[in-house]
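Once you know that position 242 of the sequence shown is 565 in my numbering, the rest is easy, because the numbers rise by one and skip nothing. Glycine included, C-beta positions come from ideal geometry on N, C-alpha and C. Since the model is a prediction, treat every value here as computed from it, not as a measurement. These notes are about the structure you will find just below.
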Amino acid sequence: MTVSTTTVPTIRLHDGTQIPQLGFGVFLVPPEETQRRVEQAFEVGYRHVDTAQMYGNEAEVGAAIEASGIARDELYVTTKLNNGFHRPDDARRSFAESLEKLRLDHVDLFLIHWPLPTRYDGDFVSTWQTMVELRDDGGATSVGVSNFEPDHLDTIIDRTGEVPVVNQIEVNPYFTNEAARAADARHGIATEAWSPIARGAIAGDETIAGIAERVGRTPAQVTLRWHVQRGDIVFPKSMRRERMEENFALFDFELTEADMTAIAALDRGESGRTGPNPNTFDRIPD
Ligand SMILES: NC(=O)c1ccc[n+]([C@@H]2O[C@H](COP(=O)([O-])OP(=O)(O)OC[C@H]3O[C@@H](n4cnc5c(N)ncnc54)[C@H](OP(=O)(O)O)[C@@H]3O)[C@@H](O)[C@H]2O)c1
């Protein structure tokens, strides 16, 4: 196995745990491809995997973990609660199934995938309370949320006194999502930036291409480095080993303040989103 010598920095979460700032995301990696792709990512050097019940590939992630022989305490594994399972009993049952599929006795991080404010009579507080109980029972070292808008965060924190360790939200150069990032920072919550390269859309950007040429890197590397220098956690997805390597090589170059500002200026507000708006998204997968 070729193991990269790159050291991925860790971010300290407010519960005292450490998360690798760079990981490998497996959204849209088909189950039949997942074991092989995650094994490749491990070979490249990734030690943090981001999956979800909704992705339908937890079992294959688990198979890759088992086959890798990597010590459990060297891996960081995240999964997320599916939208149909917000009621406490469903959350507990589905979480037990996730652990079984992943072949783990605990995950490092369990997240509420979407707040679904228009579902469940607007109640995501009891779901959050259940997540905290699952953490206290030992099945998840840390618990957090995903796609929570500032008012959703305020609601769960006010009502339970429990602060999520992370909020995994969409952030890319065209949708810098400053309001949500600022709310996270106010509460001491780490931001995880999903679809960090806007699902590949940054590849043709002139500003990013100009910076990439100057620093001798690719547009994807420049964009991922921008996230890293902002302090966010990223886990780009790729089905191709050469891109896994490319996306992993982020820690031996730096962007200037001017580069950082120029990329942030690409923000297009709401129209820059690649995914749904958390205030209205209500899909319950089959
Ligand atoms: N919490 C949420 O609601 C949520 C939502 C979306 C995503 N996520 C998480 O965030 C992770 C990353 O987001 P994402 O998968 O949506 O998008 P992404 O990582 O921004 O982009 C992935 C896309 O870009 C391509 N790509 C990868 N590396 C590239 C490179 N170096 N140059 C050019 N193109 C490249 C990939 O194609 P190939 O595969 O063909 O290389 C794929 O089409 C997901 O896997 C998931 O773990 C979470």
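- Between the region 429–442 and the region 394–411 there are three or more C-beta pairs closer than 8 Å, enough to call the two in contact.
- Residue 481 is classed as exposed because its beta carbon has fewer than 16 other beta carbons within 10 Å across all chains shown.
- Exclusion of residue 431 from the 7 Å shell around ligand 1 follows from its C-beta lying no nearer than that to any non-hydrogen atom of the ligand.
- Distance from the CA atom of residue 568 to the CA atom of residue 605, rounded to whole angstroms, is 35 Å.
- The C-beta of residue 607 has fewer than 16 other C-beta atoms within 10 Å across all chains shown, which makes the residue exposed.
- Not one heavy atom of ligand 1 lies closer than 7 Å to the C-beta of residue 424.
- Within its own chain, the residues whose Cβ lies closer than 7 Å to the Cβ of residue 382, once the five positions on either side in sequence are excluded, are 424, listed in chain order.
- Counting the other Cβ atoms within 10 Å of the Cβ of residue 343 gives 16 or more, which makes it buried.
- The Cβ atoms of residue 471 and residue 409 lie no closer than 8 Å to each other.
- Taking the Cβ atoms as the reference, residue 559 lies roughly 6 Å from residue 547, within the contact range of under 8 Å.
- In the DSSP assignment, residue 425 falls within the alpha helix (DSSP H) that extends over 411–425.
- With contacts defined as CB atoms closer than 8 Å, residue 515 and residue 491 qualify as a contacting pair.
- In the DSSP assignment, no residue is bridged to residue 531.
- Of 359, 537, 350, the smallest CA-CA separation from residue 378 is found for 350.
- Distance from the CA of residue 536 to the CA of residue 525, rounded to the nearest whole angstrom, comes to 14 Å.
- Relative to ligand 1, residue 540 has its C-beta separated by 7 Å or more from all heavy atoms.
- Judged by the Cβ position, residue 517 qualifies as a neighbour of ligand 1 at the 7 Å threshold, a heavy atom of the ligand being closer than this.
- Linking residue 533 to residue 345 through their CA atoms gives a straight-line distance of about 24 Å.
- If you look at residue 343, you'll find it in the beta strand (DSSP E) that goes 341–343.
- Just measuring C-alpha positions, the residue of 520, 442, 392 sitting nearest residue 602 is 442.
- The beta carbon of residue 417 lies closer than 8 Å to those of 376, 404, 405, 408 in the same chain, with the five residues before and after it left out.
- Between the region 352–360 and the region 382–391, the count of C-beta pairs closer than 8 Å reaches three or more; the two stretches touch.
- Look at residue 437 here: in three-state DSSP terms it is coil, with no helix or strand label.
- Counting along the chain, the unbroken beta strand (DSSP E) around residue 334 starts and ends at 333–335.
- Under DSSP, residue 467 shares a beta bridge with 434.
- For residue 476, the CB stays at least 7 Å from every heavy atom of ligand 1.
- Beta-bridge pairing by DSSP links residue 399 to 371.
- Between the beta-carbon of residue 531 and that of residue 542 there is about 5 Å, and that keeps the pair under the 8 Å contact cut.
- Here the alpha carbon of residue 503 sits roughly 6 Å from the alpha carbon of residue 473.
- Inside the region 447–499, DSSP marks whole alpha helix (DSSP H) runs of 4 or more residues at positions 448–459, 473–483, from first to last along the chain.
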